[in-house]
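When we follow the working numbering, the leftmost residue of the sequence shown carries the number 2, and every step to the right adds one. What follows is a set of notes on a single structure, which appears directly below.
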Amino acid sequence: MSEVDSTTEVNTTELPQAVQANLDLVADKMFRFSWLPLQGAQFYRILENPDGVSGFSQISNDIEAASQYYDHRVALYNRINARYIVQACNANACVDSDELIVTGSLESAVGFVKSENSSRHSTFGGPVSLSADGNTLALGAPRESDSRDGAVYVFEHVDGKWRQEARLKASNADPGDLFGHALSLSADGNSLAVGAITERSAATGVNGDQNDNSLFNSGAVYVFVRSNGGWQQQAYLKASNTDQSDSFGGVVRMNFDGNTLAVGASGESSASIGIDGNQSDNSARGNGAVYLFVRNDGVWLQQAYLKAIDSTVNKGFGSSVALSASGSTLAVGHPGSVHLFERGTNGWVQQEHLQASILGMHGSAGSAVGLSGDGNTLVVGAPFEYSPATGINGNQHDSYPVEPTSYRGAGAAYVFVRSNESWQQEAYVKASNTDLGDEFGYQVTLSEDGNTLAVSAPRERSLATGLNGDQIDNSGGVEGAVYLYVRDSGSWLQRAYIKSTNREFDGPFGTRQISLSADGDTLAVGSAFYDTEEDEMFGDKKRFAGAYIY
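Structure representation (structure tokens):
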């Protein structure tokens, strides 16, 4: 019997019978326990041993006698080896069912949402963003429609199911704008920033002329707000120094309350350095910049214009950005390093310039960044790092940049922690199945407390599906995978190896944004979805923007 049963000193003739229970896996992220009612049972309880070794505890309230099932929504990657017991109880005692053991790849419990509209051009791996509670999901379809003007779909998780709440379009939708290229939701899910990296207006600042179309790939960001279940566009944001090919809106990040927004423009070309420098200079092509916007009483304004501490052509500063919950710590990445900024009473200052312990010309550390809610844990992706090490804190120096021994593009992630205003590298993270060209570290995301980390490797080649499948298989094409890590007392370990469940009709898995809920119990991974139905006009498979939910 379980650790929490209560059969001591009770006449066994007064005990209920053991219930015959079943466990079924149900999308989305649901374990469903079912049984036939027992005569003499006054209520039921569900006990869980989440990892198979830590022991059983009660997870349900007392379930009334007439009930025949109980649904338990879980983080699938935290329940791979879970065990469960259904107890039948009366006033005297509870009696355990046989243990119900979670096995297999859990594919049937993986959730999936997709856009309502198909397109021949839907981008592989659409960007996704989750609210803090994991119950609001924004899904980008930047190449939706033949004109590729783009759209964003908002879904809400209600009564155990995802339902589409809205389909959002830009107020000045134009062919090729790629609206939905980047997304970021506030914690409550009521504010959403959407990047349109190739929008063409020459407007500057907030709510300028949207109909101008004279600057190719200048980029724009749109802010939407939800009120009473409906969505409206609140602002149209442009850089203060809009120029051609700046790619403003390539990345966007909102803080928790949605009142601070960081926007990357990796193609911006000013040679200025630091904070609020000369924006009109245009002598360093592709140097990059980040723009900080703040909202007060629904009104947006630009607060700061940030540059790297050195000016270099094609640096790509602003290729990745991350904000703490308060919006007062900002990480800005570009291939090779990460810059940390702090906002104080006198504005923004640069706090730190971090470089991973081993970079090399192929390290590309900074291509992706993520911050914990308190801003004290930072993860940095380096998808073109080439060590063959596996797991946590392997040999970072074991790198061979010359073929045929090279693991070029295997990739890595680096975890840094801040203490007393000083940053130190805490962990060097590699895939459990490191291989040439997998690009591990392409996307990264952290939970609010910084103790759960997801890292994508969009070119990983295993044909496995679901969770913890065959990692050694390497017979596929460009399939993709996501790896889930947890930190306990400063030590990191890999918890799960995650794949799509429908590889026949998916594009590369984990190519674009991946997103964790604040508690780390929900993971969303964007993916293009190929329908089995062929396009009537062109005869090829229809594509939908989609997201897997774990």
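Don't be surprised by glycine CBs; every beta carbon is placed ideally from N, CA and C.
Residue i and residue j closer than 8 Å at C-beta
| i | j | result |
| --- | --- | --- |
| Gly177 | Val253 | no |
| Tyr486 | Leu454 | yes |
| Leu107 | Leu24 | no |
| Gly141 | Gly181 | yes |
| Ser338 | Leu355 | yes |
| Leu186 | Ser228 | no |
| Thr446 | Val418 | no |
| Ser202 | Lys239 | yes |
| Gly250 | Ser320 | no |
| Glu65 | Phe34 | no |
| Ser518 | Gly278 | no |
| Tyr549 | Ser501 | yes |
| Gly547 | Val114 | yes |
| Asn218 | Asn173 | no |
| Asn260 | Arg296 | yes |
| Arg409 | Tyr443 | no |
| Ser78 | Ala497 | It should be pointed out that residue 78 corresponds to Tyr in this sequence rather than to Ser. Yes, the Cβ-Cβ distance between Tyr78 and Ala497 is below 8 Å. |
| Val226 | Ala263 | no |
| Gly511 | Ala482 | yes |
For residue j and residue i, believed in contact at Cβ under 8 Å, the rounded distance
| i | j | result |
| --- | --- | --- |
| Gln88 | Leu37 | Contact doesn't hold; Cβ gap of about 15 Å is too wide. |
| Val222 | Ser192 | With 8 Å as the limit, Val222 and Ser192 do not qualify as a contact, their Cβ atoms being about 12 Å apart. |
| Asn91 | Gly41 | 6 Å |
| Gln18 | Val96 | 7 Å |
| Ser61 | Arg46 | 6 Å |
| Gly367 | Val381 | 6 Å |
Coil, strand or helix - residue i by DSSP
| i | result |
| --- | --- |
| Leu39 | coil |
| Tyr292 | strand |
| Leu216 | coil |
| Met538 | At Met538, the pLDDT of 37 sits below 50, so the modelled position is not reliable; the number obtained from the coordinates is stated separately. It is coil, neither helix nor strand. |
| Ser284 | coil |
| Ala110 | helix |
| Leu379 | strand |
| Ala323 | strand |
| Leu77 | helix |
| Glu157 | strand |
| Glu15 | helix |
| Lys316 | coil |
| Gln444 | coil |
| Leu437 | coil |
| Gly345 | strand |
| Met362 | At Met362 the pLDDT is 38, less than 50, meaning the model places this residue with poor confidence; the figure from the coordinates comes in the next sentence. Met362 falls in the coil class under three-state DSSP. |
| His398 | coil |
| Tyr70 | strand |
| Thr512 | coil |
| Phe44 | strand |
| Ala240 | coil |
| Leu464 | coil |
| Phe125 | Unreliable placement is indicated for Phe125, whose pLDDT of 45 sits below 50; the coordinate value is still reported in the next sentence. Correct three-state label for Phe125: coil. |
| Tyr408 | coil |
| Ala183 | strand |
| Phe34 | strand |
| Trp301 | strand |
| Ser330 | According to the sequence provided, residue 330 is Thr. The question's Ser does not apply to it. In this structure, Thr330 counts as strand in the three-state DSSP scheme. |
| Lys170 | coil |
| Tyr387 | coil |
Buried versus exposed call for residue i [16 or more other C-beta atoms within 10 Å across all chains shown]
| i | result |
| --- | --- |
| Val20 | buried |
| Thr104 | exposed |
| Ser55 | exposed |
| Asp489 | exposed |
| Asn421 | exposed |
| Phe385 | buried |
| Phe125 | A caution first: Phe125 carries a pLDDT of 45, below 50, which makes its placement in the model unreliable, though a value can still be read off. The residue in question, Phe125, is buried, as its Cβ has 16 or more Cβ neighbours within 10 Å. |
| Phe156 | buried |
| Gly348 | exposed |
| Phe30 | Note that residue 30 is Lys in the sequence shown here, rather than Phe. Buried, since its Cβ has 16 or more Cβ neighbours within 10 Å. |
| Leu302 | exposed |
| Met362 | Unreliable positioning characterises Met362 in this predicted model, as indicated by a pLDDT of 38, which lies under 50. The coordinate reading is nonetheless provided below. Classification for Met362: exposed. |
| Ser98 | buried |
| Tyr484 | buried |
| Thr466 | buried |
| Asp311 | exposed |
| Ala67 | exposed |
| Gly1 | Residue 1 lies beyond the residue range present for the chain, which begins at 2 and ends at 551; the question has no answer from this structure. |
| Lys308 | buried |
| Asn242 | buried |
| Ser528 | buried |
### Message
Does the segment 261-270 come into contact with the segment 233-246, if we say contact requires no fewer than three beta-carbon pairs (one atom in each stretch) closer than 8 Å?
### Response
yes
### Query
Would you call the segment 489-501 and the segment 435-443 touching, i.e. three or more CB-CB distances under 8 Å?
no
### Message
I'd like to know if the segment 311-318 and the segment 330-350 are in contact, where contact means that at least 3 CB-CB pairs between them fall below 8 Å.
### Response
yes
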